[in-house]
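Chemist:
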Amino acid sequence: MRIYCRLLGAHLRALLEYEADFWILAAATVLMQVVNIVFLAALFAKVPSLNGWTFWAVVMMFGAVALAEGVGSLFFEGMWRLAWQINMGELDYFLVRPYPVVLQSSSALIGINGLSNIVVGGAMIGAAIAHSEIAWSPWRVAVGVLLLISAIVIKLSINLATNSVSFWLSSPSPIFAFAVHQVGDLARFPLSIYPAALKAGLGIVLPFAFVSFFPVAYLLDEGSNRWIGLLTPLVAVYCAAVALTVFKRGLRRYESAGN
Amino acid sequence: MGAYTAQARGVALGILEYRVNVLLGIVATLMQLVALLAVWQVLLADSPVQGFTWPQMQAYLLVTFACGALVSTNSDFRMAFRIQSGLVALDLVKPVDYQRSRFAEALGGLWLEVVLILIVVTSAAALLGGLTVPAGPALALFAISMLLVVPLKFLIVYVGTLACFWTQSYMGVQWARIAVMSLLSGALIPLAYLPGWLGTIAQWSPFAGLTSTPALIYIGRVGFGDGMMLVAVELGWVIVLWFGARLLWRAAVRQLTVNGG
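Protein chains in written order, with the numbering used here: chain B, 1 to 259; chain Z, 1 to 261.
1) Can you give me, in chain order, the residues of the region 38-55 of chain B that have a beta carbon less than 8 Å from any beta carbon in chain Z?
2) Determine the DSSP secondary structure at Leu50/B, reduced to helix, strand or coil.
3) Considering only C-alpha positions, which residue in the set Val233/Z, Pro214/Z and Gly2/Z is nearest to Ala104/Z?
4) For Phe44/B, which residues from the same chain have a beta carbon less than 7 Å from its beta carbon, with the 5 sequence-adjacent residues on both sides left out?
5) What are the residues in the region 38-62 of chain Z lying within 8 Å of chain B by C-beta distance?
6) Any chance you could list the alpha helix (DSSP H) runs of at least 4 consecutive residues sitting entirely within the region 207-259 of chain B, in chain order?
7) Does the structure place the region 91-108 of chain Z close enough to the region 137-146 of chain Z that three or more beta carbon pairs sit under 8 Å?
8) Starting from the beta carbon of Ile158/B, find every residue of chain Z whose beta carbon is closer than 7 Å, and list them in chain order.
9) May I ask you to report which of helix, strand or coil DSSP gives Phe52/Z?
10) Chain Z partners of Ala20/B, CB-CB under 9 Å?
11) Which one of Leu156/B, Tyr4/B, Trp136/B and Phe39/B has the shortest CA to CA distance from Ala108/B?
12) Where Tyr99/B and Tyr93/B are concerned, what is the direct C-alpha to C-alpha distance, given to the nearest angstrom?
13) In whole angstroms, what separates the C-alpha of Trp168/B from that of Leu148/Z?
14) For the alpha helix (DSSP H) containing Val121/Z, list its first residue and its last residue.
15) State yes or no: is the C-beta of Ala151/B within less than 8 Å of the C-beta of Ala241/B?
16) Please list, in chain order, the chain Z residues whose beta carbon lies closer than 7 Å to that of Ile86/B.
17) Select from the region 188-213 of chain B all residues with a C-beta closer than 7 Å to any C-beta belonging to chain Z, and list them in chain order.
18) Among Ile125/B, Ile86/B, Leu146/B and Ala236/B, whose alpha-carbon lies nearest the alpha-carbon of Ile154/B?
19) Near Gly70/B, what residues of its chain come up, given a Cβ to Cβ distance below 6 Å and the 5 sequence neighbours on each side ignored?
20) Could you check whether the region 7-14 of chain Z touches the region 176-192 of chain B, counting it as contact only if at least three pairs of C-beta atoms, one from each stretch, sit closer than 8 Å?
21) Determine, using beta carbons only, whether Met181/Z and Ile156/Z come nearer to each other than 8 Å.
22) If we cut at 8 Å on Cβ distances, does Gly172/Z have a partner in chain B?
23) Does any CB atom of chain B fall closer than 8 Å to the CB of Ala35/Z?
24) Please report the distance separating the alpha-carbon of Pro195/Z from that of Met31/Z.
25) Whole-angstrom Cβ separation of Tyr98/Z and Trp242/Z, contact assumed at under 8 Å?
This is the structure we're talking about:
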């Protein structure tokens, strides 16, 4: 843990060398979320609800995805470099160091845009909670926190698993992982609006719906099958296990770059 | 002129090497199409909202997809890299015009994008149960406006990429551009849904021509006269941006410092 922070800290210091770029990146990320909010506000100004979901419920789902993405960028951006690391044989260095390879890989980069995504995503969730009538009890707060952490773990696990596919594909860029990441954007909207095939895809095959829709539905106590949200921690454990297995299997296939 | 045709041909032939990247560039636009189709199908199931019916919105979103997929081959990344690494110095000594060269490259990649667009649009139209095609004059106007999307989008991306002469990284600039483009072009939501003042700004901005203008003409939301006006605005921006980009380029090159090595 301490080592991980120091690895990231080194990248952060390097990044702050270019202060103007830091601010441009931060501002651009905020702008992207502002555009999302303007879009939702414009939409819900004309219609009362989307398949029974209010403006604030959808804002919360958008916020959850932004927050999970932000944590991924800020702390685990290195995962997106895995394909490059494999292709260039950079994993050689990691393999001889006494620290888990997966952590060395994921800390190889820091995405400062994650910081603004965490802040804006958190603010969206916070504002949504303030505008909803949740009967808070210590139990509900604890469940809420647990669901949030689980949602983040699921997003990270999908990132790791899909990036680990690079062990099998020889491309130097994470094309597959990126495509899956785009599919994840579908989960920003309530799952109930999609046709059955997509519901199954986002609920079971690539459980993006557990990053946003199911936990939010449980917390807001809305929609049918709200109990599914309680499965989020189990899905998180399952996803993490699968992701780590895929990574380990892949690592066994790794054979440097030959120079 | 021969030099530019050769460049365009080079990209046209080479683009298949990067077919996966081109596909990937379209995945994001495709996912947005899927999400927005699902959203609007629910919202417009019973009654039209703000004057848009469900069949109209289907067509609007398909045109949006086509506009989003055009000129999306990410050649801006290569240009940004060459500016930041200083390789652009080599482009400066070539006896061709920089802006025309980049435009020629964008045109070269067009054919694969058009093929992919046709595949997606026809399969989507089949899934949705057909698509109404507008009558002759509107169709012609739509075609002109779609043709203008190509130089317009190229120029907006090009001007954005020129910012790399002043910044160290391209990502922030690119994201900001994408955010502004998606909102003000009407790709995220038709401009009629935006608050009045924002809608008016968007409508007269260069971005409206990227999606809103061809889409509104296609679904018949604007008549022939108004459509002509919108296309004229689109054309006006193409001309302004073409010469504006030249001025910007001149300023950019003047303050360029390339380290030797």
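Think of the CB as a built atom: it goes at the ideal place given N, C-alpha and C, for glycine as much as any other residue. Just so it is clear, the structure is predicted and the values come from calculations on it, not from any experiment.
Modeler: Once the coordinates are examined:
1) Val38, Phe39, Ala42, Leu43, Ala45, Lys46, Val47, Leu50 and Asn51
2) Here DSSP, grouped into helix, strand and coil, assigns Leu50/B to strand.
3) Gly2/Z
4) Phe55
5) Ala38, Val39, Gln41, Val42, Leu43, Val49 and Gln50
6) 213-220 and 232-253
7) The region 137-146 of chain Z makes no contact with the region 91-108 of chain Z; the number of CB pairs closer than 8 Å stays below 3.
8) By Cβ distance, chain Z contributes nothing, its closest Cβ being about 15 Å from Ile158/B, past 7 Å.
9) strand
10) Trp166, Thr167 and Gln168
11) With distances taken between CA atoms, Ala108/B lies nearest to Tyr4/B out of Leu156/B, Tyr4/B, Trp136/B and Phe39/B.
12) 11 Å
13) 42 Å
14) Leu110 to Leu128
15) no
16) Neighbours of Ile86/B on chain Z: none; closest Cβ ~17 Å, over 7 Å.
17) Phe189, Ile193 and Tyr194
18) Ala236/B
19) In the same chain as Gly70/B, and ignoring 5 residues on each side of it, the C-beta atoms closer than 6 Å to its own belong to Gly114, Asn117, Ile118 and Gly121, in chain order.
20) no
21) yes
22) Residue contact with chain B for Gly172/Z: present (Cβ-Cβ distance below 8 Å to some residue of chain B).
23) yes
24) 26 Å
25) Tyr98/Z to Trp242/Z, Cβ: 13 Å. No contact.
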